Structure formats: structure tokens, C-alpha cells
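Asks: Protein chains in written order, with our numbering: chain W, 240 to 643; chain F, 240 to 643.
For reference, the structure I am asking about is given below.
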């Protein structure tokens, strides 16, 4: 019997009426002859409400306790959804991450899945039940509840789909699919019918919020075909899957952006082996995710090193730099209000001149580029935050993404 | 090092300020040189809110899913309390029922504790942490979350105190202690300094809501000294412990009452062996808790059998009776609006005439007694619900409970 995994985000289960609607869809799919697993997020603003209480009590609550707290939201959703399914005469069972066999490492609030023991899920499916799994959570080797970080329920869904060798994984959300740009910025942005894993990875890494990076990595690694679609319309969405030869390879598939970058530059750092390792080692110790790194050509034995971090990690990054810059006797400067605009496309590999066209487009729009980073299917530019919207619109137009 | 177990009810952790207050008390007790375990209920109206959502979805949600849902409330409380303790510079760890090693049977929504594996708690205490345990819940042999029913957090606290061989168990609640009668009905009701386990058991069984029956049974079985006290005043409350010779044995210690009884009477049941087993077997199958049972003397080979159930279980009781009364060809009648008034006192054993005085008091007040049941330290009378308050006041006065 085909196994289908669904994932429902917080808006899709935002109130009891929406939960009943999801229940109907799951029963229909089961009755059509499928084994059904659904991963569910916390209802609407539950997580925000829990966070508010936590911060009422402590400005920096311990991560382990945050996980204990936040993991309750998804348990509430799955229990209510199980009730709604029973009410329709189908059988269902709700499982916590622990019960679903999701094992993680001990990195609280951003744990990684280390393995999935599918025995319990397998038994429940065999007994004719729809299996509902609390998203975003697992159990550490210490038998503590862990959470997988922002968007973690997507990762749960893809990981379960991989472990159960599911036929597909539908990610139900509050948007229709993946777009050529953020429709809030570009009204003419177009929904993509399909993108390759690689493109989706680059898009997620450069600001497309529709899927979490890690869930796409997981899907690619295990070859799980994903569909991102709307929980409200039921229309086909965007498929994310292996790049095929017959796939229309757009030179540029989408323009993505982020608006929460900060840039830090260490000035006149001694240019000797091991210096980068010292700096970024110190940042890693503070759990800071560094995005782009640029080291200028050395002059007179010193070099400038710039890098970007998400603004939410700026305080931690400064904390790390304060220590090591003092040790090394160097200073650093911060550009807080930065953003990043990127173009992504699998066809870029075979078309030279795409990066040049991007730089010219930005220059024509009067936008100064502060940092550049490229991969074989992506070009990213760090620019001032205030110019992000203009940049996205100019690039969407220059690469003719509106026409299909 | 002495081990002290505290239990905090829902009002005691009703908002983040109250949680901070509890955190301060726990830190103080630890700093005074104790190992501290605290069992915590769900915040204020969390459980009601969760139940409301469940009933929005289903009039009769499956018990297993109700447990999954309701157990989240206590997890939220312990996680927040752990954060508040960290904020004060003490160490704490929150544990779910499962993590605290609380094993139960599979009777969802009213599970019984079958054992406690104290290893994890022991390790955490040894490492200097205050251990916070989510009340009211455990894990079944199927590795499902179970809940212990109304007031289950009291049972959790006493069971942990027993398993950890704690020096004492303080039950912090929103009242000062155990009273000679409900102060809402008898303004002159007096707080008792101590009562024996046996008295407390009878009081809990006959309507005193301050402690759940099962928690007192547990305390008695393992000899755990309990103190019921106010979370807000911090004043000494009521000790519940082994009856000692030097304990002042009041003939009557308290007047208790319940206002939610229903009485069912099966009419002209064939008077032959096994008939009671059939009737009460059928009720047990529907999980109905029968309280008082009376069988009249047989006449002409038939008998009337009356019994009382809590009004919330009346529907289930009728369901059972509909089936077997049809099979046996008998009819039954229901008195829905009943209540029960009781007098409890360890000294009753040595004073004859206490029951007679109770009956006379009620008669003098014009109250008709419908059923009577006695134990060595208790007399209970089922009466009409509308006369409960008058009965309680009359008995409190007749047995001179106001003067100490």
C-alpha cells in the first residue's frame, strides 16, 4: 500500500475548524487506499504565546527547558487532530517525537535527527491507523525532549518520509508553492511548477522561507519527492525533486532575498596561517552561523576579513570577536543594516555571463554591492537593507521571470 | 541530606509572577540544605482551555488522545518553573512523568501508578538540581502518556515522596488546610492542626476536596507525612499522618458533603444468588464507580436494589442498566438530585450513639434520610441535594465543631 506523508503548518491547524478540515482530507486519502502519516506543527500562535511566558520569566531561558516548553504545542495539535479523525469514523493515533522514534543529538533548540526507529509507526499503520506525529521534536540520548529549530516540522516530515520509504511528502502550508520571488515585493511573481533539490537548497539558503534548508537536504539525500502546496485551496503546488534531463532548466529560476544580515569586518588582521581558524573557531564556539566570508588580498602582512551573520546572532558574534580581537590586538567594525539578494537557477551552469548581468542590473539601479558569493547555480550580493526591494524587482524584471 | 517533596496546584502557579514566587521558595529550601523535588499542576485554567478545544472537536474524545492533550499543561508549568529557578541562580531540571520514571497501568484518564523508577531523579538530585516533575501523568506499558484523573498531582507528589523516602511532603494549595466543614457553608468552620490518614481517607471519600483519595491511600500505605498548606500565606497547615495515641481523638473531626450524587433503584429484582454480581459487573464494565449500595429485605422472592453514582457517571450507569434491566425484565427509577452528608472522626470508635445523634439532628432539621452507610469512623446519609447546606450547618453545630 502506498505510504503518503503530509505536513501541516501552524496556520493550517490554526483553530478547531481548520483541524476538522485537515482531518477530512486525511480520512479521504486513507480511504483512497493509502497508509497515511501526518506531521503537524503547533496551532497558530501557540509557540509565540509560550515564548512570551518564558521571556516573562527569564531573558535567556535554558535551552533544555525551552525545548520542554515549546514541544508541548505540537502535542496539543496532534491530540486534537486525532480526536477530529476519530469523530469522522477513521482510526488515528497521535505520537510525540519520542514515541515516533525520532532520535536526535543533544543540541537543544536546534537538534539534528540522528536516526528514526520506525517500529511503532509501522505497527500503528498496519493496524489501520492514520499516524499523527508531533513535528519539530525528538529525543536526545539523555532521553530529553529536543526541538529541531525554526521550520523543524518540515524536517520531521521529510525524515519520516525517508525512513518509511514514502511515495511522496506533501508540505501543506499557507502559500500556493514556491515563487520566482516574494509576491509581496514583486506582484507579478510566478508560481514554479517544479524546482530541483539543488535549486531549492540554494533558494532556502538565500532567503526563500517556504521550506527549511535542512528539510530539503534531507529530501535530496534520500530522494524524497516533495510537494509544497496550499492547505486551503488543495491545488497542485510546486514539486521539489531530482533534476531531470527533461526538466526545463531556466537560467535563473528565482530571485531570493534576506533582510536580516549584519556584516562584521576585522581590520588589519596579521596575515599568517591559522588566523581564520582562530576567528571562526571562536564564532563556532558561540554557536554563531557565519554566512558569507571574504578575505581581502594581503598588503604589508595584514588583511581585512569580513563576514555576515544573521542579525539575531550579532550579539553572540560580537561577544566572540570582543575576546579574540583583544587577544590579537585588532579592531572590528559592524554594518548592522545589511541584506542579501540572490539569483538561483540550475541552467546557470551552462550560461556564462549571468553574474555579470546581475551586477550590471544592480549598478543600473544605483545599488552598491558590498560582498559577493557564488556557487555553480547561485550568485548572492550583500547590499544595504534599504535597497533590497528595489534590487529584487530589478532582477526579477531583468531575468524576465514574469513570463513563463 | 533530607529529601523534601512539594506539590503546587494550578492556582499556585497561575501566572508567571506566582511561578517566580514558587521558585524563590524552592531555592530557599534547597539552600537550607535539602534535596528538593516539586510536583506541579497545570497553570490556572490551562486544562479547562484544552478540554474546551477537545469538546469543540468531539463530544466524546478518545481517552488516549485526551491524555496526550491534557498532559501538556503540566509540562508547560514545570518548564517555566525551571526557567524561574535558573534565573535565581539555582539549578533545576524539569521532568515529564515519563522522564521521572512514573509507570502506570493503561487505564487512560484515570490510570494508576504501578511503579516508580527513581534513577533519573536520583541522579539529578545528586548533581545539585531541584527536580521538577509534571504532575498528574505517567507512562503506560505501551509507552503512551497516561493521566491519573482529577487531583492526580497530589498522588504524584505522595508517590514520589514514598519512592524517594522523603522526610515529608507539603501539598501547597489555595486553602490553609483541612477544615471541620466547608467554610463556604459554615463560616465558623475551624482549621484542623492534624488528622489521621484514616480520617482524611474518609473525608476525601465523602467530599472533602482538599486532597484526592488516592493520594491519601498512598501516603498511608507508605507512611508519608503530608502537610496541606497555603501557597500564599506560608503558614503551617494541616498535618495528615499516622494516628498517634497522644493525638486528640475528636469524636467527630469534620462534617463533609457532596452535592453531585444520583440514586438509582432497580425495582423487584428476582432475589437469587448472583444477581448483584450481574448488576454491578455490568456497571463495572462501563467504568462506573458505584458509591453506596443498599439491598432491601426480600419479599415474595423479589428485592429492590438502590445505589448511588456521581452525577457525571449517571449516563454511563443508565446505559448499563438499560441493557441488563431489559434482560432481567425489571424496571428502574432515578433520583438525580441527591447529595450526601457525612461525619468523620477517629474517636467515634469508642463512643456509641454518634450515628443516632446524627440521625436525630437531621430529623430535627426536617431532613429525610434516603440511604445510610457507615464505617468504624464515619456515618454517611444520602439526602436531597437542596437540603445539603442545612444538614452540614446543623451537624457542625450539634457536634460542637466550632469550639476547639
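Don't be surprised by glycine CBs; every beta carbon is placed ideally from N, CA and C.
For clarity, every value in this text was computed on a predicted model and none was experimentally measured.
#1: Any contact of the region 583-594 of chain W with the region 611-620 of chain W, i.e. 3+ C-beta pairs under 8 Å?
#2: To the nearest angstrom, how far is it from the Cα of residue 491/F to the Cα of residue 300/F?
#3: Between the region 594-604 of chain W and the region 429-443 of chain W, can you find at least three pairs of beta-carbon atoms closer than 8 Å?
#4: Quick check: residue 242/W and residue 403/W, are their CB atoms within less than 8 Å of each other?
#5: Go ahead and label residue 474/W buried or exposed: buried means 16 or more other beta carbons lie within 10 angstroms of its beta carbon, across all protein chains shown.
#6: Listed in chain order, which residues of the region 309-323 of chain F have Cβ atoms closer than 9 Å to some Cβ of chain W?
#7: So, does the CB of residue 269/W fall closer than 8 Å to a CB anywhere in chain F?
#8: How big is the Cα-Cα spacing for residue 469/W and residue 290/F?
#9: Put residue 269/W into one of helix, strand or coil per three-state DSSP.
#10: For chain W, find out if any of its Cβ atoms is closer than 8 Å to the Cβ of residue 258/F; answer yes or no.
#11: Which residues in chain F have a C-beta closer than 8 Å to the C-beta of residue 289/W? List them in chain order.
#12: Could you give the DSSP three-state label for residue 258/W: helix, strand or coil?
#13: Just to confirm, is the Cβ distance from residue 352/W to residue 386/W under 8 Å?
#14: How many Å lie between residue 245/W and residue 416/W at the Cα?
#15: With a threshold of 16 other CB atoms inside 10 Å of the CB of residue 500/W, please say whether the residue is buried or exposed.
#16: Please report the straight-line C-alpha distance between residue 493/F and residue 399/F, rounded to a whole angstrom.
#17: Residues of chain W with CB closer than 9 Å to the CB of residue 333/F, please, in chain order.
#18: Per DSSP, residue 575/F forms a beta bridge with which residues?
#19: With a threshold of 6 Å on Cβ separation, who are the neighbours of residue 498/W within its own chain once the five nearest residues in sequence on each side are excluded?
#20: What are the uninterrupted segments assigned as alpha helix (DSSP H) that are 4 or more residues long and contained completely in the region 441-515 of chain F, given in chain order?
#21: With 8 Å as the limit, tell me which residues of the region 350-366 of chain F have their beta carbon closer than that to any beta carbon of chain W; keep them in chain order.
#22: Rounded to a whole number of angstroms, what is the C-alpha to C-alpha distance between residue 441/F and residue 517/F?
#23: For residue 295/F, go through chain W and note every residue whose CB falls closer than 8 Å to its CB, in chain order.
#24: Can a CB atom of chain W be found closer than 8 Å to the CB of residue 338/F?
#25: Along the chain, which unbroken stretches of the alpha helix (DSSP H) at least 4 residues long are found entirely within the region 323-380 of chain W?
#26: Less than 8 Å between the C-beta atoms of residue 261/W and residue 320/W, yes or no?
#27: When DSSP labels each residue in this structure, what does residue 635/W get in the three-state scheme?
#28: Considering just the uninterrupted stretch of the alpha helix (DSSP H) at residue 291/W, what are its terminal residues?
#29: So with CB distances below 7 Å, who are the chain W contacts of residue 292/F?
#30: Please report the straight-line C-alpha distance between residue 331/F and residue 316/W, rounded to a whole angstrom.
#31: What beta strand (DSSP E) runs, 3 residues minimum, are completely inside the region 579-635 of chain W?
#32: Quick one: does residue 380/W have its CB under 8 Å from some CB of chain F?
#33: Hey, would you say residue 348/W sits closer than 8 Å to residue 413/W, going by beta carbons?
#34: Please determine, among 369/F, 296/F, 543/F, the residue with the shortest C-alpha to C-alpha distance to residue 325/F.
#35: Looking at C-alpha atoms only, which residue of 566/F, 411/F, 509/F, 528/F is the closest neighbour of residue 555/F?
#36: Using a cut-off of 8 Å between C-beta atoms, extract the partners of residue 325/W located in chain F.
Replies: On the basis of the supplied data:
#1: yes
#2: 43 Å
#3: no
#4: yes
#5: exposed
#6: 309, 310, 311, 312, 314, 315, 317, 318, 319, 320, 321, 322, 323
#7: no
#8: 29 Å
#9: helix
#10: yes
#11: 315
#12: helix
#13: no
#14: 15 Å
#15: buried
#16: 29 Å
#17: 303, 304, 307, 308
#18: Per DSSP, none; premise fails for residue 575/F.
#19: 578, 624, 627
#20: 452-461
#21: 359
#22: 28 Å
#23: 255
#24: yes
#25: 358-365
#26: yes
#27: helix
#28: 285-296
#29: 255, 319
#30: 28 Å
#31: 610-614, 617-623
#32: no
#33: no
#34: 369/F
#35: 528/F
#36: 297, 300, 301, 304
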